[in-house]
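Colleague:
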Amino acid sequence: MKKIIYLLIVIILAVFGVAYWQWNKPRETASSKKAEVVISIDSLYSAFQTNDSLAFAKYQNKVVQISGILDRVEVQGEGENRSNFAILKSNTEGIEAKFSFPDTTTNSELSGLVSKKVVLKGFFAGFNYDAMMPELGGTFEFNQSAIIQNNSHE
Amino acid sequence: MNKIIVLAVFALFASAASAQKYMTKTGKISFFSKTKVEDISATNTSISSIIDASTGDMKFVGLMKSFKFPKPLMEEHFNENYVESDKFPKTTFVGKITNVSEVNFSKDGKYPVQVAGILEIHGVKKNVESKGTLTVKGNTLLADTKFSILLSDYNIIIPTAVKKTINNSIEITVDVDYSKAP
Chain Y
1 MKKIIYLLIV IILAVFGVAY WQWNKPRETA SSKKAEVVIS IDSLYSAFQT
51 NDSLAFAKYQ NKVVQISGIL DRVEVQGEGE NRSNFAILKS NTEGIEAKFS
101 FPDTTTNSEL SGLVSKKVVL KGFFAGFNYD AMMPELGGTF EFNQSAIIQN
151 NSHE
Chain F
155 MNKIIVLAVF ALFASAASAQ KYMTKTGKIS FFSKTKVEDI SATNTSISSI
205 IDASTGDMKF VGLMKSFKFP KPLMEEHFNE NYVESDKFPK TTFVGKITNV
255 SEVNFSKDGK YPVQVAGILE IHGVKKNVES KGTLTVKGNT LLADTKFSIL
305 LSDYNIIIPT AVKKTINNSI EITVDVDYSK AP
């Protein structure tokens, strides 16, 4: 009987332990993942212009790697909602790629790379574009991104 | 000569019309829901939006996967089980400031506004109405409003196991800074 009680306690503790770990597990970042797609913003835009549903299905959740000149860095939100973003511009007017970085990537780390050639990767979240607002252009958004190469010496 | 005058007048009107627009690509929309277990909140700071000051037309678009939650697991459940972001990647709002004539866009100040339009979430379009504030400050505008929606209205199904702990009603906060279009 005692053995059964001990076993039950162990099972309950294990269940709670797994639940606690799941609840507090860290966010998966692209830094530890190999890029599944290496593409330019213009080629990505071209794919979405041809067929946006097909293109979204092809790239969604994939770790996408893009290289280009870092146009600007933005910090948005406050407190725990604060995020750092790095924006690369394409050769097409109004079309950009916006990479959001995990909390550990400081703004100064990114700011030092503005106007320099960088290679970034992140989980593809989608193409923020609406045909009813062509003035705003379109933004490819990537989450939990990482800097994989910075040619700051160039 | 006449053609040149017509073109010049047209260009002048086109430029005036464009100057009436306010735009942003960094609008903030958050939502909040009080539950018995833990409060649920998320924020998206990459909302694209345009307000046409001459007509009161306003549009918003944002990606569902750009809503950030304090807990990664909440974000995972939100995208996979509730709003199905892989199937319905965007949320949009197309509406109008119904009392835009009461806003003086060339005079700094806070103006109470009423907004009505169609909000699309999870592939479902529903009419929403809300009262808010438009703050004019030079060439910038700050739009803020709060309203509630029912998840069930958007066919967002709460699993039976957590039905008692997750509220069907969520509060949406819109807090968007615009700049006058160049």
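Each protein sequence line maps, in turn, to chains Y and F.
In terms of the working numbering, the first sequence opens at residue 1 and continues consecutively.
In terms of the working numbering, the second sequence opens at residue 155 and continues consecutively.
Every residue, glycine too, gets a C-beta built ideally from N, C-alpha and C.
Could you check which residue in F:M218, F:K225 and F:T246 has the C-alpha nearest to that of V237 (chain F)?
Modeller: For V237 (chain F), the nearest C-alpha among the options comes from F:M218.
Colleague: So, does the segment 249-264 of chain F touch the segment 179-189 of chain F, judging by three or more C-beta pairs under 8 Å?
Modeller: Short answer: they don't touch.
Colleague: Per DSSP, what kind of secondary structure is P266 (chain F) in: helix, strand or coil?
Modeller: In the structure shown, P266 (chain F) sits in a strand (DSSP, three-state: E or B).
Colleague: To be precise: take each residue of the segment 116-136 of chain Y, compare its Cβ to all Cβ atoms of chain F, and keep it if any distance is under 7 Å. Which residues remain?
Modeller: Those residues of the segment 116-136 of chain Y that come within reach of chain F (Cβ to Cβ, closer than 7 Å) are A125, G126, N128, D130, M132, M133, E135 and L136.
Colleague: Relative to the C-alpha of A297 (chain F), which candidate in F:V191, F:E192, F:A207 and F:T189 has its C-alpha closest?
Modeller: With distances taken between Cα atoms, A297 (chain F) lies closest to F:A207.
Colleague: Using a Cβ-Cβ cut-off of 8 Å, state whether K279 (chain F) counts as contacting chain Y.
Modeller: Closer than 8 Å: no.
Colleague: Mind pulling the chain F residues with CB within less than 9 Å of S32 (chain Y)?
Modeller: Here the premise fails: no neighbours, minimum Cβ distance about 15 Å.
Colleague: Mind checking which residues open and close the beta strand (DSSP E) that includes T287 (chain F)?
Modeller: V278 to K291 is the extent of the beta strand (DSSP E) around T287 (chain F).
Colleague: Roughly how far, in whole angstroms, is the beta-carbon of S220 (chain F) from the beta-carbon of I324 (chain F), given that I think they are within contact range, below 8 Å?
Modeller: About 17 Å; that fails the 8 Å criterion.
Colleague: Out of Y:E78, Y:Y45 and Y:Q65, point me to the one whose CA is closest to A30 (chain Y)'s CA.
Modeller: When each option's Cα is compared against that of A30 (chain Y), the closest is Y:Q65.
Colleague: Between which residues of its own chain and K334 (chain F) is the CB-CB distance below 6 Å, once the five residues before and five after are set aside?
Modeller: Contacts found: Y176 and N293.
Colleague: Where F56 (chain Y) and I11 (chain Y) are concerned, what is the direct C-alpha to C-alpha distance, given to the nearest angstrom?
Modeller: Near 42 Å, if we compare the C-alpha coordinates of I11 (chain Y) and F56 (chain Y).
Colleague: Do three or more CB pairs link the segment 106-113 of chain Y to the segment 20-30 of chain Y at distances below 8 Å?
Modeller: Touching, no, given that fewer than three Cβ pairs across the two stretches are closer than 8 Å.
Colleague: Give the DSSP-derived three-state secondary structure of S333 (chain F) in the structure shown.
Modeller: Strand at S333 (chain F).
Colleague: Mind checking E212 (chain F): buried by the 16 CB within 10 Å criterion, or exposed?
Modeller: It should be noted that the sequence gives Met, not Glu, for residue 212 (chain F). With 16 or more other Cβ atoms within 10 Å, it is buried.
Colleague: Out of curiosity, what's the CA-to-CA distance linking L288 (chain F) and V330 (chain F)?
Modeller: Approximately 10 Å between the Cα atoms of the pair.
Colleague: Please list, in chain order, all residues of the same chain as S195 (chain F) whose beta carbon is under 6 Å from its beta carbon, the five residues on each side excluded.
Modeller: Around S195 (chain F): F186.
Colleague: Less than 8 Å between CB atoms is the rule here; does E154 (chain Y) satisfy it with respect to chain F?
Modeller: With a pLDDT of 42 at E154 (chain Y), under the threshold of 50, the modelled position of this residue cannot be trusted, and the question is left open.
Colleague: Kindly indicate if chain Y contains any beta-carbon less than 8 Å away from that of S187 (chain F).
Modeller: Chain Y, which has no Cβ nearer than 8 Å to the Cβ of S187 (chain F), makes this no.
Colleague: Would E283 (chain F) be called buried (16 or more neighbouring beta carbons within 10 Å of its own) or exposed?
Modeller: E283 (chain F) is exposed by the Cβ-count criterion.
Colleague: Which of helix, strand or coil does DSSP assign to D307 (chain F)?
Modeller: D307 (chain F): helix per DSSP, three-state reduction.
Colleague: Would you call F164 (chain F) buried or exposed, if buried means 16 or more other Cβ atoms sit within 10 Å of its Cβ?
Modeller: Annotation note: pLDDT 48 at F164 (chain F) (below 50); position unreliable, coordinate value reported separately. That one is exposed.
Colleague: When DSSP labels each residue in this structure, what does Y129 (chain Y) get in the three-state scheme?
Modeller: Y129 (chain Y): coil per DSSP, three-state reduction.
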